[in-house]
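Asker: Each residue of the sequence shown is one higher than the one before, counting from 8 in the working numbering.
We put the beta carbon where it would ideally sit given N, CA and C, even for glycine.
One structure, pasted below without further comment.
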Amino acid sequence: MTKDIGLKVKEPTRECTDKHCPFHGGLSIRGKLFDGKVTGNKAKQTITLEKDSPIYFSKFKRYARGTSTIHAHVPSCIDVESGDHVLTAECRPISKSVSYVVVEVKA
């Protein structure tokens, strides 16, 4: 049985016993949503993802390409591979660098 996390996302079909899962565990989500491309999934239950965003330089009247890299927790009921587009939601800090959790795999 999955609980409602407050977002209109597709719920995972598999059950899990992960305590850091927003669907089956006790982790609540809050704050920002982060949509990005997975660049690494070598760590255990953790991915790194990158978001591209334009940065405007008023001195040159031009835009530059900026990237942000974050770490996100992957619950055991969601399968994520490198190169996928995922939606992550902000949560309480799980470790030193992980404050986001994956809630949906888009592609």
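Measuring alpha carbon to alpha carbon, tell me which of 14, 101, 77 and 114 ends up nearest residue 59.
Answerer: That would be 77, whose Cα lies nearest to the Cα of residue 59.
Asker: DSSP three-state call for residue 80: helix, strand or coil?
Answerer: Here residue 80 carries a strand assignment [DSSP, helix/strand/coil].
Asker: Can you name, in chain order, every residue of its own chain whose Cβ lies under 6 Å from the Cβ of residue 124, other than the five neighbours on each side?
Answerer: One cannot answer for residue 124 here, as it falls past the ends of the chain, which runs 8 to 114.
Asker: Tell me the DSSP secondary structure of residue 71 in three-state form.
Answerer: strand
Asker: For residue 38, which residues from the same chain have a beta carbon less than 7 Å from its beta carbon, with the 5 sequence-adjacent residues on both sides left out?
Answerer: 97
Asker: Could you give the first and the last residue of the continuous beta strand (DSSP E) run that contains residue 101?
Answerer: Premise fails: residue 101 is in no beta strand (DSSP E) and is neither H nor E.
Asker: For a test of the three-state rule: what should DSSP assign to residue 56, helix, strand or coil?
Answerer: Residue 56 falls in the strand class under three-state DSSP.
Asker: Cα separation between residue 26 and residue 80?
Answerer: 11 Å
Asker: Quick check on this structure: which residue in 19, 64, 9 and 49 has the alpha carbon closest to the alpha carbon of residue 89?
Answerer: 49
Asker: Report the three-state DSSP secondary structure of residue 95 (helix, strand or coil).
Answerer: strand
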